[in-house]
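Trainee: The structure under discussion is supplied below as structure tokens; questions concerning it will follow.
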DNA sequence: ATGGTGTGGTAG
DNA sequence: ATCGCTACCACACCAT
């Protein structure tokens with residue numbers, strides 16, 4: 020079949036289906052009305068140009084696909100955040116006649132967060148195919164896909180969650196069906212493939228550590244939203260540290276009729292070999308099994324004849340039990356002044372002693388709480404450590420475990436030195452909160468046989484400096500405080516300043532399992548997914564971030580490609596890089612773009628990537644005021660506008676803007692500007708034209724350069740040149756001949772670095788006379804090629820190079836015709852190209868009307 | 001001194 | 001098979 024025929028068939032089949040739909044779906048005005056401004060303009064441009072004959076079939080479809088995606092984005096944006104992203108991560112193709120029809124399904128998919136594929140061009144991307152019946156040929160063609168009935172879409176929406184597609188698998192005769200299931204299950208079972216769009220979701224659903232962190236964050240934010248009595252330093256306190264005994268294991272055992280938690284060694288884990296043990300009961304601990312140990316190791320510790328009982332996680336039930344736990348604490352007859360959430364299964368409750376005639380009975384509290392929780396949770400035991408300081412409550416908890424309680428106050432212990440010593444003798448050094456293997460090994464390096472707290476105390480006597488030299492300033496003084504049963508400043512904060520202690524200061528995710536990529540593009544996709552996840556959370560919290568960090572784990576040079584742990588990260592180097600955004604944002608486009616370019620900066624070969632972590636560091640609350648401010652650029656000189664900017668507007672919109680300026684009382688400054696204020700005005704004008712996310716980078720460059728012009732010019736300029744040279748070398752490495760892109764040439768050069776050099780030389784040579792028109796055309800042509808092949812970041816590099824260069828020369832050449840020509844070229848010809856690709860630079864749209872400086 | 005960056009440690 | 005997260009602090013080092 021030739022291309023034209025195929026086209027004709029596809030077009031007519033689509034029309035045929037549209038004809039079957041309600042009249043409102045066919046109304047062209049209706050369609051136009053739903054478009055964003057940009058989509059509309061593109062649409063019209065398309066119309067006026069007509070179908071270009073020289074397009075290949077692929078280009079034609081890809082073009083259509085991209086335009087449709089834009090419209091989908093616009094549709095979704097128009098809906099606001101009303102719908103749950105049920106189909107997030109799904110790319111869905113609809114085959115043939117369906118009911119409801121293609122357009123309705125399309126809208127459903129898009130408005131509930133899915134992607135819609137119009138043509139089966141990029142087959143790999145499609146996650147599901149919707150169809151009601153398939154001809155034999157198609158069945159064969161789709162046999163490796165998840166083919167579902169349209170009800171999968173409609174019923175998923177009804178129930179507001181993604182239903183398992185298997186329940187809606189398109190059934191044909193039994194034989195075919197079993198074949199289909201067999202083959203189709205292959206790509207599906209590989210949900211544990213980081214290239215699968217659902218990888219993140221599946222991973223998180225099954226990750227105990229993810230749940231632990233998430234639960235903790237939820238509990239903390241709930242704590243802050245509820246009331247509490249804050250004690251003052253000096254108040255007499257009763258602190259109860261309450262903790263479930265091997266929580267996961269207990270919950271799992273309760274759901275397993277055939278096993279006995281007091282008889283069998285029970286562990287909770289996923290697998291049978293290199294799987295981590297999340298929790299083990301006390302029978303298992305008797306054999307030396309510990310939390311975090313691998314199952315294979317645990318098995319090897321058991322004597323012959325004793326079988327390890329591996330139980331699966333039951334996250335749902337764990338949440339339920341925890342809910343009961345916190346409810347019991349909240350409803351207890353003696354109202355706690357503070358119920359501080361430590362984790363899903365652990366809380367610190369505080370009673371402020373008000374010297375009332377009836378002092379509280381700590382024993383009674385412990386007994387009652389333990390029995391109440393045991394009853395209400397259907398058989399979970401908690402242990403309680405009680406004291407008047409946090410550290411002693413924790414140490415007492417350690418004594419109390421399992422299934423008991425222990426009460427002992429600092430006063431009781433300090434009175435008798437011998438008691439205190441025997442108490443300390445019970446504990447290992449890492450029983451102290453905040454002391455782990457690393458600090459223990461530091462302490463050991465000073466004295467080989469340092470085992471328990473008593474030895475620790477005796478070894479260091481009162482020698483704070485020695486301790487501090489060994490483990491650090493703060494840690495040293497902390498340990499010494501603990502050895503006297505006192506809390507250090509940091510842990511006290513939890514009690515005395517709970518609102519700041521529990522407030523969230525950052526937001527992050529990290530995935531260090533299952534990461535195996537081949538290409539940067541795959542990693543880009545993954546970063547997009549991660550960024551999307553984080554941004555969603557950020558927006559739910561009504562916050563913005565102004566600083567983000569990307570951390571990657573990279574396989575150590577000598578580490579094996581596949582580590583002992585299945586899909587584990589193995590031995591890795593951690594690399595991290597943070598970048599400031601200048602303006603706090605919660606926009607996915609800005610953040611994802613920044614992250615992707617940061618990844619390139621870290622220079623990790625795609626195949627060696629073993630872990631990804633993204634952090635939002637500086638969080639600010641979105642208030643109404645800030646909301647207003649974010650739309651504008653905060654500059655000291657407001658309310659004036661350079662005449663040239665206005666003058667360069669298309670004539671037909673000048674009138675509208677003129678009215679708007681008058682209404683807003685913005686004055687046009689005369690042109691040309693006085694030389695002294697030139698640089699500042701130039702910056703202002705330039706900044707105003709930039710996409711939000713690169714403003715700050717440029718601002719930074721400008722700041723650096725302003726400093727240069729102020730101080731010893733030649734010397735610093737030389738330094739700057741060297742710095743830039745090295746940066747350019749890095750970029751050449753990333754973007755040059757080793758680039759994953761096909762080379763695009765300019766002046767016979769394809770290495771980005773070389774092209775930059777040529778452009779810079781050309782720039783310098785034409786600052787006075789101005790560049791030749793033909794040269795500019797050639798250069799623009801090159802930029803267009805970059806733009807067409809989705810290499811917008813390279814254009815960004817050029818804009819920055821030119822803008823930095825312009826600013827550097829502004830004092831000396833600011834009034835020259837060449838300088839001004841370059842300036843115009845940058846503003847009118849280069850920067851607009853940055854705006855062309857709306858997928859990478861989603862924020863640009865706003866800027867087009869961001870006139871209110 | 002102060003402040004920022006990248007790295008490392010700890011907990012649950 | 002297997003689901004090695006994530007918030008936060010402390011520190012070393014650097015520039016200013």
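In our numbering, the protein residues as written are 20 to 872.
Ideal placement from N, C-alpha and C gives every residue a C-beta, glycine not left out.
The structure displayed is predicted, hence computed values, not measured ones.
Under three-state DSSP, which class holds residue 14?
Mentor: The chain is shown only over 20 to 872; residue 14 falls outside these bounds and no answer can be derived.
Trainee: Check whether the stretch 263 to 273 touches the stretch 281 to 295, counting contact only when three or more Cβ pairs, one atom from each stretch, lie closer than 8 angstroms.
Mentor: Yes, the stretch 263 to 273 touches the stretch 281 to 295.
Trainee: Is there contact between the stretch 534 to 547 and the stretch 427 to 434, where contact requires at least three CB pairs shorter than 8 angstroms?
Mentor: The answer is no - the stretch 427 to 434 does not touch the stretch 534 to 547, with fewer than three Cβ pairs under 8 angstroms.
Trainee: The beta strand (DSSP E) that contains residue 114, what's its start and end?
Mentor: Here residue 114 belongs to no beta strand (DSSP E), and DSSP marks it neither H nor E.
Trainee: Distance check for residue 827 and residue 852, CA to CA, integer angstroms please.
Mentor: Their backbone Cα atoms lie some 23 angstroms apart in a straight line.
Trainee: Taking Cβ to Cβ, would you say residue 365 is nearer than 8 angstroms to residue 261?
Mentor: Yes, the Cβ-Cβ distance between residue 365 and residue 261 is below 8 angstroms.
Trainee: What are the uninterrupted segments assigned as alpha helix (DSSP H) that are 4 or more residues long and contained completely in the stretch 502 to 557, given in chain order?
Mentor: Fully enclosed alpha helix (DSSP H) runs of 4 or longer: 508 to 515, 517 to 520.
Trainee: Does DSSP put residue 641 in a helix, a strand or coil?
Mentor: DSSP places residue 641 in coil when its eight states are reduced to three.
Trainee: Excluding the 5 residues preceding and the 5 following residue 418 in the sequence, name in chain order all residues of the same chain whose CB lies nearer than 6 angstroms to its CB.
Mentor: Cβ within range, chain order: 425.
Trainee: Verify whether the separation of the beta carbon atoms of residue 270 and residue 340 is less than 8 angstroms.
Mentor: Yes; because the gap between Cβ atoms is below 8 angstroms, this pair is in contact.
Trainee: Here's the rule I'm using: 16 or more other beta-carbon atoms within 10 Å means buried, otherwise exposed. How should residue 733 be labelled?
Mentor: Residue placement at residue 733 is flagged as unreliable, the pLDDT there being 32, under the threshold of 50; a coordinate-derived value is accordingly withheld.
Trainee: Hey, how far is the Cα of residue 455 from the Cα of residue 499?
Mentor: Spanning the two alpha carbons is a distance of roughly 16 angstroms.
Trainee: Between the C-alpha atoms of residue 707 and residue 845, what's the straight-line distance to the nearest angstrom?
Mentor: Residue confidence is low: residue 707 scores 45 on pLDDT, short of 50, so the model does not pin down where it sits. Its coordinate-derived value is still stated next. Cα to Cα, residue 707 sits roughly 13 angstroms from residue 845.
Trainee: Please list the segments of the alpha helix (DSSP H) lying wholly inside the stretch 456 to 493, counting only runs of 4 or more residues, in order along the chain.
Mentor: Within the stretch 456 to 493, the complete alpha helix (DSSP H) runs of at least 4 residues are 456 to 465, 472 to 479, 483 to 490.
Trainee: Starting from the Cα of residue 240, find the closest Cα among 824, 829, 787, 559 and give me that residue.
Mentor: The option with the nearest alpha carbon to residue 240 is 559.
Trainee: In this structure, does DSSP put residue 910 in helix, strand or coil?
Mentor: This structure cannot speak to residue 910, because the chain is shown only from 20 to 872.
Trainee: Terminal residues of the continuous beta strand (DSSP E) containing residue 628?
Mentor: First-last of the beta strand (DSSP E) with residue 628: 628 to 635.
Trainee: Could you have a look at residue 706 and say whether DSSP puts it in helix, strand or coil?
Mentor: Caution applies to residue 706, whose pLDDT of 49 falls short of 50 and renders its modelled position unreliable; the value that the coordinates give is listed next. Of the three classes helix, strand and coil, the one that applies to residue 706 here is helix, per DSSP.
Trainee: Compute the beta-carbon to beta-carbon distance between residue 315 and residue 293, rounded to the nearest angstrom, for a pair I have assumed lies under 8 angstroms.
Mentor: With a Cβ gap of about 7 angstroms, residue 315 and residue 293 count as contacting.
Trainee: Under the assumption that residue 129 contacts residue 94 (Cβ atoms under 8 angstroms), give the Cβ distance between them as a whole number of angstroms.
Mentor: Yes, they are in contact, since the Cβ atoms of residue 129 and residue 94 sit about 6 angstroms apart, within 8 angstroms.
Trainee: Quick check: residue 635 and residue 527, are their CB atoms within less than 8 angstroms of each other?
Mentor: Yes, the Cβ-Cβ distance between residue 635 and residue 527 is below 8 angstroms.
Trainee: Mark residue 281 as exposed unless 16 or more other C-beta atoms lie within 10 angstroms of its C-beta, in which case mark it buried.
Mentor: The residue is exposed, with fewer than 16 neighbouring Cβ atoms inside 10 Å.
Trainee: Over the uninterrupted beta strand (DSSP E) stretch that includes residue 581, give me the two end residues.
Mentor: It is not in any beta strand (DSSP E) - residue 581 carries neither H nor E in the DSSP assignment.
Trainee: By the three-class DSSP mapping on this structure, what secondary structure does residue 568 have?
Mentor: DSSP places residue 568 in strand when its eight states are reduced to three.
Trainee: Could you check which residue in 184, 171, 336, 789 has the C-alpha nearest to that of residue 835?
Mentor: Cα-wise, what sits closest to residue 835 is 789.
Trainee: Counting only the same chain and skipping the five closest in sequence on each side, list residues whose C-beta sits under 6 angstroms from that of residue 621.
Mentor: Once the five neighbours on either side are set aside, the close Cβ partners of residue 621 are 571, 594, 596.
Trainee: Would residue 258 and residue 407 qualify as a contact pair, given that the criterion is a beta-carbon distance under 8 angstroms?
Mentor: In this structure, residue 407 lies closer than 8 angstroms to residue 258 by Cβ.
Trainee: Pick helix, strand or coil for residue 123, following the three-state DSSP scheme.
Mentor: Looking at residue 123 - three-state DSSP - the assignment turns out to be helix.
Trainee: If residue 146 and residue 110 are in contact, beta carbons under 8 angstroms, what's the gap, nearest whole angstrom?
Mentor: Yes, they are in contact, since the Cβ atoms of residue 146 and residue 110 sit about 5 angstroms apart, within 8 angstroms.
Trainee: Quick check on residue 476: buried or exposed, where buried means 16 or more other Cβ atoms within 10 Å of its Cβ?
Mentor: Per the 10 Å Cβ criterion, buried.
Trainee: Exposed or buried, which one is residue 816 when buried takes at least 16 other CB atoms within 10 Å?
Mentor: Answer is buried; the Cβ neighbour count reaches 16.
Trainee: Measure how close the beta-carbons of residue 787 and residue 832 come, nearest whole angstrom, since I'm counting them as under 8 angstroms.
Mentor: 7 angstroms between Cβ atoms; contact.
Trainee: So, for residue 669: in the same chain, excluding its five sequence neighbours on each side, which residues have a beta-carbon less than 7 angstroms away from its beta-carbon?
Mentor: Summary for residue 669: the model assigns pLDDT 47, below 50, so the residue's position carries little reliability, and this model does not support an answer.
Trainee: Where does residue 387 sit, in a helix, a strand or coil, going by DSSP?
Mentor: DSSP places residue 387 in helix when its eight states are reduced to three.
Trainee: Only counting the same chain, and skipping five residues up and downstream in sequence, which positions put a Cβ closer than 7 angstroms to that of residue 230?
Mentor: Answer for residue 230: 334, listed in chain order.
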